[in-house]
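Letter 76 of the sequence shown, counting from 1, is numbered 71 in the numbering used here, and no numbers are missing. Just so it is clear, CB atoms sit at the ideal spot from N, CA and C, and this is done for glycine as well. Please read the structure below before turning to the comments.
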Amino acid sequence: MSVEHAQVQRADFDQVIVPTYAPAAFIPVRGAGSRVWDQAGRELIDFSGGIAVNVLGHAHPVLVKALTEQANKLWHVSNVFTNEPTLRLAHKLVDATFAERAFFCNSGAEANEAAFKLARRVAFDNFASEKYEIIAAVNSFHGRTLFTVSVGGQPKYSDGFGPKITGISHVPYNDLEALKAAVSDKTCAVVLEPVQGEGGVLPADLAYLQGARELCTQHNALLIFDEVQSGMGRSGELFAYMHYGVTPDILTSAKSLGGGFPIGAMLTTEKLAKHFQPGTHGTTYGGNPLACAVAEAVIDTIHTEEMRAGVKARHERFKTRLQQIGEKYGVFSEVRGLGLLLGCVLTDAWKGKAKDFFNAAGEHNLMILQAGPDVVRFAPSLVVENVDIDEGLDRFERAVASLTQA
Ligand code: PLP
-4 MSVEHAQVQR
6 ADFDQVIVPT
16 YAPAAFIPVR
26 GAGSRVWDQA
36 GRELIDFSGG
46 IAVNVLGHAH
56 PVLVKALTEQ
66 ANKLWHVSNV
76 FTNEPTLRLA
86 HKLVDATFAE
96 RAFFCNSGAE
106 ANEAAFKLAR
116 RVAFDNFASE
126 KYEIIAAVNS
136 FHGRTLFTVS
146 VGGQPKYSDG
156 FGPKITGISH
166 VPYNDLEALK
176 AAVSDKTCAV
186 VLEPVQGEGG
196 VLPADLAYLQ
206 GARELCTQHN
216 ALLIFDEVQS
226 GMGRSGELFA
236 YMHYGVTPDI
246 LTSAKSLGGG
256 FPIGAMLTTE
266 KLAKHFQPGT
276 HGTTYGGNPL
286 ACAVAEAVID
296 TIHTEEMRAG
306 VKARHERFKT
316 RLQQIGEKYG
326 VFSEVRGLGL
336 LLGCVLTDAW
346 KGKAKDFFNA
356 AGEHNLMILQ
366 AGPDVVRFAP
376 SLVVENVDID
386 EGLDRFERAV
396 ASLTQA
């Protein structure tokens, strides 16, 4: 171990970090592609992708080049001035999607905060003052600010912080009748993840999203798709809404958008965007040149036919093997998800034990994720090599074997 790495250890976390996380026992120090090395020089395969962020793996040369070139030019100017990377990235996102305008920020929560505020502002400007209700799904996740936890459908994240933002209701996901019963002319927005990520990697039914679109149009409510986790190529299309063919009024993106560099975006139409004027909303770092230069390189690299085909092929490779492992060891009732966002639903015998799979994988030199207590989640790089998929899944099988034989 080098002297530099010996200076801090996992134990330091418990001494100097606010304990909002419980990170694994090892500390990654370097990554290349889908391989990561820890302080002790141990090599791991990364199927966690920084929670659906490292869309091109670690230290991808195109992203390193974009970041270092921009770092030598201009880091930050604030929004008192605009900058070239922000304008180029906005053009690329607008050209590639339904959207005509982009708002940049630094995280998924901030992108959603902007989306929810915009939806309320549009209703405030256009309709009666009581049109402010937001309908979201049970078990959804939209971020950790007070507004976004209030919209998120998981009380464990929103309880205990005093009064929540009011005017928000939650309906069961994929239940069109429940949504129909909840939407009214007081609804300003319906917010959905096309694939519920944190909630268990649960894809929406096509009829559900189509029905939500119709209901929103009928009631002059905006349809917001939170694509923070499902977007930027992960579903096998640039955004999951394209997979379904259902177009939202507002879309939020983050995570994979920056491939590991923090950035978020809210995309919308010109008609809606004009309800935000100078001063109504903003953030110092939004559209930061470094973040936008990296995101531009991400979109240039992933928005290709080859990438779409590659994600679909990798999906099949993962799914087939995960189903085999599930059957052999009796651990999964279902392997679900779109593209390279996959969830293995634990059988009744293993319910609540996703963390055990996470820990066992770590012991077998593999980084994976959970999505709640009952789902083991995989969100690898979109360019993970077949040899890494096969070797990683061999390691995963050994981890599952060790758990089931314990
Ligand atoms: N929305 C979805 C669907 C997410 O999965 C997440 C993060 O997991 C967020 C929003 C929040 O993003 P961030 O952690 O960047 O604020």
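In the displayed model, T15 falls within coil according to three-state DSSP, outside both helix and strand. For G52 against G28, the beta-carbon gap comes to about 4 Å, under 8 Å, which counts as contact.
Pairing G305 with N49 gives a Cβ-Cβ distance that is not under 8 Å.
The Cβ atoms of I22 and Q34 lie closer than 8 Å to each other. One Cα belongs to D200, the other to A288, and the distance between them is close to 35 Å. Taking 7 Å as the cut-off, the C-beta of G138 counts as close to a heavy atom of the ligand PLP.
In the DSSP assignment, no residue is bridged to A249.
D41 and P56 have their alpha carbons spaced roughly 18 Å apart.
The beta carbon of G138 lies closer than 6 Å to those of G103, A104 and N107 in the same chain, with the five residues before and after it left out. Setting aside the 5 residues that flank it on each side, Q318 is surrounded in the same chain by V330, each with a C-beta closer than 7 Å to its C-beta; the list follows chain order.
Excluding sequence positions up to five before and after H165, its CB lies within less than 8 Å of the CB of I130, A131, A132, V133, S135 and G148, all in the same chain and listed in chain order. Excluding the 5 residues flanking it on each side, K307 has same chain C-beta neighbours closer than 6 Å at G231, in chain order. In the structure shown, L337 falls within a strand segment according to DSSP collapsed to helix, strand and coil. By the Cβ-count criterion, H270 is buried, with 16 or more other Cβ atoms from all chains shown falling within 10 Å of its own Cβ.
The C-beta separation of T263 from A94 comes to about 6 Å, placing the pair in contact by the 8 Å criterion. Within the segment 334 to 398, the alpha helix (DSSP H) runs of at least 4 residues that lie entirely inside it are, in chain order, 349 to 358. Looking at the DSSP output, W32 sits in a beta bridge with R25 and E38.
Sequence-distant partners of T342 (beyond 5 residues in either direction) whose C-beta falls short of 7 Å from its own C-beta, in its chain, are G325, V326, F327 and S328. Contact check for K159 against E125 fails: the beta carbons are separated by 8 Å or more.
Of A216, A6, G44 and P167, the smallest CA-CA separation from Q224 is found for G44. Sequence-distant Cβ neighbours of E38 in its own chain, meaning closer than 7 Å and more than five residues away, are R30, W32 and N360.
For L69, there is no enclosing alpha helix (DSSP H), as DSSP marks it with neither H nor E. Exposure of R5 is indicated by the presence of fewer than 16 other C-beta atoms within 10 angstroms of its C-beta. Annotation: the segment 128 to 181 contains the following complete segments of the beta strand (DSSP E) (minimum length 3 residues), in chain order: 128 to 132 and 163 to 166. Put simply, of Q10, P18 and F8 the residue whose alpha carbon is nearest the alpha carbon of G357 is P18.
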